[in-house]
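Colleague:
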Amino acid sequence: MIRRKPKGISAIIPPIFLSIGYLCSVSRAYSTSRSLKMVEGHSVHRVASLHRKRLVGKKFRAWSPNGRFTEGSRKIDGKVFTGIEAVGKNLFAFFADEDDKNRKGDYIEDNVVVMHVHFGMAGNWAVYHTMEEEAPEPRKTNRLRLEGLDVVADLHAMTADYGGMELYHKKRSKLGEDPLRHDSDPERLWERIKKSKKSIGALVNDQSYFTGPGNIYRAEILFKAGVHPDKIGKDLEKHEFDRIWSHTVSLLKRGYE
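Numbered per the working numbering, the sequence shown spans residues 93 to 349.
So this is what it looks like as structure tokens:
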């Protein structure tokens, strides 16, 4: 029997470390391109950061090329893109009429239209600066196109829905602690985990507990923390949880940067 010699980098680096390294390098590459591929929570945060610079503050004509976001596009058509926020793998975009502000100059919350986006495995939100390049023809997966004076943005996503601020609050209430957000509360998360009968492996991947990491991150987080994925949450020691949270934060930050 002839044994074939392994080829390529995968013959040297264990698959999990290759995957993490690949994800981080792909994410950094996409951060400078016009089309942003979604992988895990850190990528969604990068989209939010970039689109605050590219889209927020501008008024757009909105329409749905594939007809799957027709009503939603009508609701935001002609409005100003006022803000964008990432919570784990979820993205929230906010739109309002240009003059719909209170005396302090803030947009009136009751009149804001919220768009909730979940990209799935292969979604993206591509931006084209029309002074430099021509936007391509929409594709069949194109749920939303935003057309501004000097920019076109094409959204491709597994899920896109719309509503008022109540939609944001409802979705947000079902999500857990996002390690990339300043308002994350690991102590609140610990109080829930130490009462759980689920395995820590399942909890790290449960978006109502840890919001952002997926399968690949879960594996490296627990490996670095030295905690077996089958260990039950209520059996976890506080110092073990602290290590898990610390590595969750550092790994997602590395992916984001």
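Glycine included, every Cβ here is placed at the ideal spot set by N, Cα and C.
Taking Cβ to Cβ, would you say R280 is nearer than 9 Å to V179?
Modeller: No. Outside cutoff.
Colleague: Taking 8 Å as the threshold, find out whether the region 311 to 318 comes into contact with the region 333 to 340 through three or more Cβ pairs.
Modeller: Because the criterion of three Cβ pairs below 8 Å is met, the region 311 to 318 and the region 333 to 340 touch.
Colleague: For the ligand ZN, I want to know if G164 counts as a neighbour, meaning its beta carbon is within less than 8 Å of at least one of the ligand's heavy atoms.
Modeller: This structure lacks the ligand ZN, and indeed carries no ligand of any kind.
Colleague: Counting C-beta neighbours from all protein chains within 10 Å, is the total for K171 16 or more, i.e. buried, or is it exposed?
Modeller: K171 is buried by the Cβ-count criterion.
Colleague: Where does S342 sit, in a helix, a strand or coil, going by DSSP?
Modeller: Of the three classes helix, strand and coil, the one that applies to S342 here is helix, per DSSP.
Colleague: Among the candidates P271, E239, L295, V341, whose CA atom is the shortest distance from the CA of V148?
Modeller: Checked all of P271, E239, L295, V341; the closest Cα to V148 is E239.
Colleague: Kindly identify the DSSP beta-bridge partner or partners of A252.
Modeller: Paired residue(s): V209.
Colleague: Return the bridge partner residues of G175 from the DSSP annotation.
Modeller: F186, per the DSSP bridge assignment.
Colleague: Please report the residue range of the beta strand (DSSP E) in which E239 lies.
Modeller: 236 to 239 is the extent of the beta strand (DSSP E) around E239.
Colleague: Around the Cβ of M207, are there at least 16 other Cβ atoms within 10 angstroms (buried) or fewer (exposed)?
Modeller: By the neighbour-count rule (16 or more Cβ atoms within 10 Å), M207 is buried.
Colleague: With a threshold of 8 Å on Cβ separation, who are the neighbours of I94 within its own chain once the five nearest residues in sequence on each side are excluded?
Modeller: Confidence is the limiting factor: at I94 the pLDDT is only 44, short of 50, which leaves the residue's position unreliable, though a coordinate-based value still follows. Closer than 8 Å at Cβ, skipping near neighbours: no residue.
Colleague: Assign G52 to one of two classes, buried (16 or more other C-beta atoms within 10 Å of its C-beta) or exposed (fewer than that).
Modeller: Not covered by the structure: residue 52. The range shown for the chain is 93 to 349.
Colleague: By the 10 Å Cβ neighbour count, where 16 or more other Cβ atoms means buried, how is S127 classified, buried or exposed?
Modeller: Confidence in S127 is poor, its pLDDT being 45 and thus under 50, which makes the residue's placement unreliable; the coordinate value appears in the next sentence. Label assigned to S127: exposed.
Colleague: Measuring only the C-alpha atoms, how far is A227 from E283?
Modeller: If you take the alpha carbons of A227 and E283, they lie about 49 Å apart.
Colleague: Quick one: what's got a C-beta closer than 6 Å to D322's C-beta in the same chain, skipping five residues either side?
Modeller: Here the set comprises S291.
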